[in-house]
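Engineer: I have a structure here, written as structure tokens, and I will follow up with some questions on it.
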Amino acid sequence: MEIRAEKLKRCEMVTVSGRIDSATAPELENTLLGLIQAGQKNIVVNMRDTDYISSAGLKAMLSALMKVRKMIPAGNVVISEIKPDLRENFDLVGFDRLFDFYDQDLQAVGSF
Amino acid sequence: MGNAKTLKVKALLENVPVAIDFVTQSAKASGLDDQSLYQVRVAVDEVCANIVYHAYKGMEPGEMEISCDLDDQAFVVRVRDWGNAFDPDTVVDPDLNAPLEDRALGGLGLFLVRQFMDQVRFTFDPELGNELVMTKRLQVAG
């Protein structure tokens, strides 16, 4: 798994490629929580090149979302360009109700 | 039972991707369609991660054994460990409707396994350890 983080004007763009499995999810969680701790509470996670996500990855995403939503004013973690198979993981565990999904980065960034 | 292939590795987090890759190769050779393949990979990840985190708690890390086979138009994965007895009934399903602040982080893995696989069966034997057998039906080409 590779993570690339790019600071944009209104948010951070985090691009994840490869697979978010039980072994790599801790790194994703650390990256997201690190960004949040450094003051970045608006994050787009681009999953165009993410091959798969297991529950460990879902938990990492949820953990980051919970953190930014508790801040005042609240931040957000949104997802862009997710593949259908991965989207199904989110839907099955009810995370589709919690996260905002966008087909393109432009829309995702524009949400902030 | 046909050409069962078996992998035995130490129950460590670094071996979870090894187990996933092993099953992926076998599943592809069995003709599993792409979506089913994705689901099987997630299920194997969940099961192996559970063994890594829970099976040998309080003792020396042991091993996990994964075997794959084709059985009557279904891809079968067996995962065995020799750790603490695991009772799946003690794992509570996640509350899918809970608002964000109330969402618990646990229970997702087993829930996904049951959603993705057609059959999931757990057994425990004092000698043979925990065995999980899960199957995924091969899609008939239309």
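Which chain is which? The protein sequence lines are B and A, in order.
Read in order, the letters of the first sequence are residues 1 to 112 in this note's numbering.
Read in order, the letters of the second sequence are residues 1 to 142 in this note's numbering.
Glycine residues also receive a C-beta, built at the ideal position from the N, C-alpha and C atoms.
Going by CA-CA distance only, name the one from 29/A, 136/A, 112/A and 118/A that's closest to residue 58/B.
Structural biologist: Closest by alpha carbon: 112/A.
Engineer: With C-beta atoms as the reference, is residue 45/B less than 9 Å away from residue 77/B?
Structural biologist: Yes, these two residues count as a Cβ contact at 9 Å.
Engineer: Using the rule of at least 16 other Cβ atoms within 10 Å of the residue's Cβ for burial, across every protein chain shown, is residue 93/A buried or exposed?
Structural biologist: Under this definition residue 93/A is an exposed residue.
Engineer: Tell me, please, whether the stretch 13 to 24 of chain A touches the stretch 117 to 137 of chain A by the rule of three or more beta-carbon pairs shorter than 8 Å.
Structural biologist: Counting Cβ pairs under 8 Å, fewer than three are found: no touch.
Engineer: When the cut-off is 9 Å and only beta carbons count, does residue 70/B lie next to chain A?
Structural biologist: At least one chain A Cβ lies under 9 Å of residue 70/B.
Engineer: Are residue 32/A and residue 119/A closer than 9 Å when you measure CB to CB?
Structural biologist: It is not a contact, given that the beta carbons lie outside the stated cut-off.
Engineer: Report the three-state DSSP secondary structure of residue 86/A (helix, strand or coil).
Structural biologist: Reduced to three states, the DSSP call for residue 86/A is coil.
Engineer: Under DSSP, the beta strand (DSSP E) around residue 7/A begins and ends at which residues?
Structural biologist: Residue 7/A -> beta strand (DSSP E) spans 5 to 10.
Engineer: Residues of the stretch 68 to 94 of chain A in Cβ contact with chain B at a cutoff of 7 Å, in chain order, please.
Structural biologist: Those would be 94, in chain order.
Engineer: Please list, in chain order, all residues of the same chain as residue 75/B whose beta carbon is under 6 Å from its beta carbon, the five residues on each side excluded.
Structural biologist: 41, 42 and 68, listed in sequence order.
Engineer: How far does the alpha helix (DSSP H) with residue 114/A in it reach, from first residue to last?
Structural biologist: Start and end: 108 to 116.
Engineer: Grab the span of the alpha helix (DSSP H) containing residue 34/B for me, first residue to last.
Structural biologist: Element bounds for residue 34/B: 25 to 37.
Engineer: Report the start-end ranges of each beta strand (DSSP E) in the stretch 4 to 90 of chain B that is 3 residues or longer and not cut off at the edges.
Structural biologist: Complete beta strand (DSSP E) runs here, min 3: 12 to 20, 42 to 46, 50 to 53 and 76 to 80.
Engineer: Decide if residue 28/B is buried, meaning its Cβ has at least 16 other Cβ atoms within 10 Å, or exposed.
Structural biologist: Answer is buried; the Cβ neighbour count reaches 16.
Engineer: On a CA-only basis, which of 69/A, 55/A and 102/A is nearest residue 12/A? Give me that one, please.
Structural biologist: Checked all of 69/A, 55/A and 102/A; the closest Cα to residue 12/A is 55/A.
Engineer: Along the chain, where does the beta strand (DSSP E) containing residue 104/A start, and where does it finish?
Structural biologist: Residue 104/A -> no beta strand (DSSP E), and no H or E assigned at all.
Engineer: Assuming residue 55/B and residue 46/A are in contact, meaning their beta carbons sit under 8 Å apart, how far apart are those beta carbons, in whole angstroms?
Structural biologist: 6 Å between Cβ atoms; contact.
Engineer: Would you report the Cα separation of residue 90/B and residue 103/A, rounded to the nearest angstrom?
Structural biologist: Cα to Cα, the separation comes out at about 14 Å.
Engineer: What's the gap between the Cα of residue 37/B and the Cα of residue 92/B?
Structural biologist: Taking the straight line joining both Cα atoms gives about 30 Å.
Engineer: Which whole runs of the beta strand (DSSP E) in the stretch 43 to 102 of chain A are 3 residues long or more, in chain order?
Structural biologist: Taking only runs of at least 3 residues, the beta strand (DSSP E) segments lying wholly in the stretch 43 to 102 of chain A are 63 to 71 and 74 to 81.
Engineer: Would you report the Cα separation of residue 50/A and residue 95/A, rounded to the nearest angstrom?
Structural biologist: Taking the straight line from one Cα to the other gives about 20 Å.
Engineer: Which stretch, first to last residue, makes up the alpha helix (DSSP H) that contains residue 106/B?
Structural biologist: Taken as a continuous stretch (DSSP letters only), the alpha helix (DSSP H) holding residue 106/B covers 105 to 110.
Engineer: Just confirm the distance between the C-beta atoms of residue 136/A and residue 39/A, as a whole number of angstroms; I'd bet it's less than 8 Å.
Structural biologist: With 8 Å as the limit, residue 136/A and residue 39/A qualify as a contact, their Cβ atoms being about 7 Å apart.
Engineer: Have a look at residue 71/A and residue 21/A and give me their C-alpha separation to the nearest angstrom.
Structural biologist: One C-alpha to the other measures close to 20 Å.
Engineer: Should residue 86/A be labelled buried (16 or more other beta-carbon atoms within 10 Å of its own) or exposed?
Structural biologist: Result: buried.
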